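Colleague: Numbered per the working numbering, the sequence shown finishes at 421, counting up by one with no gaps.
We treat Cβ as the ideally placed atom computed from N, Cα and C, and that holds for glycine.
Fair warning: this is a prediction, and the values are worked out from it, not measured in the lab.
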Amino acid sequence: MRLIGAASIVYVLTIAFAFSGGISPTAPNVAVAANSEAARNAPLHDGQAIFRFDTFGDEQLWTDVLRMHEVIPTIDPATALSVGLKVDVEALPSEIVAALRARQVDLTNPAVTVALLKLNAVVGVKGTLNDAGQLTKVGVTCALCHSSVDDSFAPGIGRRLDGWANTDLNAGAIVALSPALDEATKAEFRTWGPGKYDPRHHAFDGTNIIALNSPSLPIVIPPIYGLKGVGFETFTADGPISYWNSYVGVGQMGGKGKFADPRIGLFISQSPDVVTPKLPALLKYQLSLQPPTAPADSFNRVAAQRGRQLFFSEARCSSCHQGPNFTDVLSGPDRSVPFLHDPEEVGMDPAYADRSATGKYRTTPLRGLLQHRPYFHDGSAPDLLAVVEHYDRLFALNLTASQKADLVEYLKSL
Ligand code: HEC
Ligand code: HEC
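#1: Roughly how many angstroms lie between the CA atoms of residue 307 and residue 388, to the nearest whole one?
#2: Straight-line CA distance for residue 48 to residue 396?
#3: Name the DSSP beta bridge partners of residue 276, please?
#4: Please indicate yes or no: does the CB of residue 207 lie closer than 6 Å to some heavy atom of ligand 2?
#5: What are the uninterrupted segments assigned as beta strand (DSSP E) that are 3 or more residues long and contained completely in the segment 179-243, given in chain order?
#6: My assumption, with CB atoms under 8 Å, is that residue 159 sits in contact with residue 119. Please give the rounded CB distance.
#7: Using a 10 Å radius around the Cβ and a threshold of 16 neighbouring Cβ atoms, would you call residue 424 buried or exposed?
#8: May I ask you to check if the CB of residue 275 is nearer than 6 Å to at least one heavy atom of ligand 3?
#9: Report the option in 352, 228 and 410 whose CA atom is closest to the CA atom of residue 313.
#10: Measuring straight from C-alpha to C-alpha, what distance separates residue 309 and residue 329?
#11: Kindly indicate the opening and closing residues of the beta strand (DSSP E) around residue 130.
#12: Assign residue 436 to buried or exposed, taking buried as 16 or more other Cβ atoms, counted over all protein chains shown, within 10 Å of its Cβ.
#13: Would you list the residues sitting across from residue 136 in a DSSP beta bridge?
#14: By Cβ distance, which residues of its chain are closer than 8 Å to residue 228, with the 5 residues on each side in sequence left out?
#15: Which residue marks the beginning of the beta strand (DSSP E) containing residue 167, and which one marks its end?
#16: Got a sec: does ligand 1 put a non-hydrogen atom nearer than 6 Å to the Cβ of residue 75?
#17: What is the DSSP secondary structure of residue 113, reduced to helix, strand or coil?
#18: Under a three-way DSSP split, which group does residue 390 fall into?
#19: What do you reckon, is the C-beta of residue 360 under 6 Å from a heavy atom of ligand 1?
#20: Assign residue 33 to one of three DSSP states: helix, strand, or coil.
#21: Would you kindly work out how many angstroms separate the C-alpha atoms of residue 320 and residue 414, rounded to a whole number?
#22: What does residue 164 pair with, by DSSP beta-bridge criteria?
#23: Taking the beta carbon of residue 407 as the centre, do at least 16 other beta carbons fall within 10 Å, making it buried, or is it exposed?
#24: Could you check what DSSP says for residue 415 in three-state terms: helix, strand or coil?
#25: Assuming residue 369 and residue 336 are in contact, meaning their beta carbons sit under 8 Å apart, how far apart are those beta carbons, in whole angstroms?
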């Protein structure tokens, strides 16, 4: 399988399909406004089930095209854990938990991986087995990238933490196991590293993997908790949550559905569309996810108080990181148009933004910062001190070492 050029595919544009009433005139196919009737009425548990377990039929990518069902049975659980896959301990029957505890489960035996899939215990990966116990289909869910576990049982094994960024997930290394990709593509994916993914490198249209941009520019997989009231939730603010859910659910996960955005020249139309009808419930669930609070012993309270002062005055952080969500994205004259920053204004590499619909970056809301290193869209700041150093240089703030340390303590507390 080779990536084929977008230009070689002719689409029948059906922009007037199921979509109606988006909140932004600049994001054309937004299915659901955050305040829509449909989202308000959607049951929460539905959204959780969709988030955790729904593949939207993306087996058409992961099985039919990438043939991951052929590779997975050769991978032992220790290796799967080492590329960041997580095991939901609550999905395991008590005898398995007991056996794990007694070290009677061979984590170097690939058959155990398949057994875990059969139990639906691998977070974000859904396997289907035939009567002979062979893996016949595999697909992925939103939880693959946006869930972790609390490691309560062992590293990588614990209770689900929905909405947490899976900062260990080496999505590139996993996809590079596909026997269907050529060597050059695999080599490129292997360079992404843990906690990153490039959602603008390619898209899947239901049949083919279409090349979008090259070379790939992997970005940090963000957490998706604490998004209530944020608005235009992606790094480049292309649209609200459901716009991006549709973009990823259809074009990246490979679910069966429709997505169209002339701003980026991407048009995918498959029917039946099993993604769009689920967006309201999925949205409601995402908005319910709360950020973790920083444990009291994880930062110095007194220093954080001093850091807070700096954040709101000398260090000028609050000129952009403002309001309850620490972002100015909704601060423009028209709330249906995101307020954004040119890459050079914030000292960011423009390359990723150039591939988006806006060409700019949104001020990232700050929450649960301790949980999701590294920082900035491209992960260019390995830790919070690097973030502060970045701004100190960029805005010539001349902060002293102890002021920088205080700011870091404040950021840790958010
Ligand atoms: C293969 C990994 C992957 C999967 C699977 C995935 N996402 Fe994401 N998600 C990302 C990346 C990378 C971004 C960053 C894109 C950006 O913000 O520009 C992102 C961004 C987001 C954001 C914006 C968060 C923010 O504040 O920047 C939301 C919300 C989101 N995803 C929800 C979902 C939902 C719901 C699903 C399932 C339909 C899903 N994602 C599936 C990787 C993934
Ligand atoms: C001119 C507007 C502006 C100012 C001033 C500003 N920021 Fe930011 N901040 C942004 C933008 C835009 C981003 C997203 C950059 C990216 O990821 O490309 C960001 C990202 C961040 C992030 C990364 C969050 C994450 O989850 O990756 C942190 C942390 C942060 N800023 C802290 C600060 C601190 C501390 C200050 C003050 C020293 C500050 N910012 C000043 C606009 C600003």
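Modeller: Judging by the given coordinates:
#1: 22 Å
#2: 45 Å
#3: 265
#4: no
#5: 209-211 and 216-218
#6: That belief does not hold up - the Cβ atoms of residue 159 and residue 119 are roughly 20 Å apart, past 8 Å.
#7: Not covered by the structure: residue 424. The range shown for the chain is 8 to 421.
#8: Annotation note on ligand 3: not contained in the displayed structure, which lists ligand 1 and ligand 2 as its ligands.
#9: 410
#10: 22 Å
#11: Bounds of any beta strand (DSSP E) do not take in residue 130, whose DSSP letter is neither H nor E.
#12: This structure gives no information on residue 436, because the portion of the chain shown stretches from 8 to 421.
#13: 142
#14: Answer for residue 228: 152, 153, 172, 173, 174, 176, 178, 202, 203 and 204, listed in chain order.
#15: 167-169
#16: no
#17: coil
#18: coil
#19: Checking every heavy atom of ligand 1 against the Cβ of residue 360, none is found closer than 6 Å.
#20: Bear in mind that a pLDDT of 49 at residue 33, under 50, signals an unreliable position, so the number given afterwards is only what the model happens to contain. Correct three-state label for residue 33: coil.
#21: 11 Å
#22: 94 and 161
#23: exposed
#24: For residue 415, the three-state secondary structure derived from DSSP is helix.
#25: 5 Å
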